[in-house]
Every structure is written in C-alpha cells, then in structure tokens.
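Okay, so here's the structure we're looking at.
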Amino acid sequence: MIVGVGIDVVDVARFVATVERVPALRARLFTPDERDLPDASLAARFAAKEAIAKALGAPPGMSWQDATVRRVAGAQPVVEIVGTVLARAQELGVDRFHLSISHDAGIASAVVVAERDAPPVRERAIQSPL
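Going by the working numbering, the letters in the sequence shown line up with residues 1 to 130, in that order.
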C-alpha cells in the first residue's frame, strides 16, 4: 500500500552556488558520509531528501541529518532513516522506500514512494456495491 509519493528537482549550478555562499549548509543538510560527494551527486541527494519529506507529508521538525541516501553498486539507492524521519515513517506505518535519483544536463531529480504492507482484510473497510 502506498503511503506517499514525493518528487523534487534541483538546478545543480544554483544548488552549488548556494552551498558555496553558505558553507554551513553542507554540514546541516548532509551526513558525514554524503558531504564529500561530487556536486551533481550532492544535489541529487538533496532532491532525494526533499522527496522523502514530501512522501512523509512534509511534517515540521524533520532533520536533514536523519536521512541518508546510499549508493549500492548495481542496484537502486538505499534510504537509511533514523531520528525524526524514522519517527514520522513509523507514525505512518512506512515499511520501505523506493527511490530513484538522477542527474543530467545540470538538473538533479528524485522520486520517492513510501510504502507499507496493507493491513489485513479484516481491518480494511469493505464497501458493498450499491
């Protein structure tokens, strides 16, 4: 069962200019494992974190540090969550995220689907035909 879907698009040059103008953003937005990635990959991870927040309903108070996007060779990227992001996911019953990220021609993008196992039939509302 899909709980939420999020999408985000980032202009890589604009993102890089912002991070260069405000260097503290790198530490605020990214975990230590993410901070030294190439600019386009960093922008894509920012898009992924925005998409994760949107898939979770963009509640206030979520920490950027509480979501990490890891690349897995030969597979789709993996979302690891802790703290505020984990708490919101648990509140919504999210069991897993599906993430697709890309960067090309100066644009980074990400799409996230937050999913949970459907409740058993006895817990779902059953509608009768009219």
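Yeah, the Cβ is synthetic: ideal placement off N, Cα and C, and Gly gets one too.
- Taking one beta carbon from each stretch, the segment 83-95 and the segment 34-41 have fewer than 3 pairs nearer than 8 angstroms; the two do not touch.
- In the DSSP assignment, ASP33 falls outside any beta strand (DSSP E), carrying neither H nor E.
- In this structure, ARG26 lies away from VAL16, with their beta-carbon atoms at least 8 angstroms apart.
- Counting C-beta atoms within 10 angstroms of its own C-beta, VAL69 has 16 or more neighbours from the protein chains shown and is therefore classed as buried.
- If you draw a straight line from the Cα of ALA24 to the Cα of ALA40, it is about 18 angstroms long.
- According to the DSSP secondary-structure assignment, ASP8 is paired through a beta bridge with ALA110.
- Setting aside the 5 residues that flank it on each side, GLY61 is surrounded in the same chain by THR84, each with a C-beta closer than 8 angstroms to its C-beta; the list follows chain order.
- The beta carbons of ASP8 and ALA110 sit closer together than 8 angstroms.
- Between the alpha carbons of ALA105 and LEU42 lies a gap of roughly 15 angstroms.
- Using a 10 angstroms sphere on the CB of ASP66, the tally of other CB atoms reaches 16 or more, which defines it as buried.
- The C-beta distance from ALA114 to GLY4 rounds to 4 angstroms, short enough to meet the 8 angstroms contact threshold.
- As the crow flies, the alpha-carbon of GLY57 is around 13 angstroms from that of LYS49.
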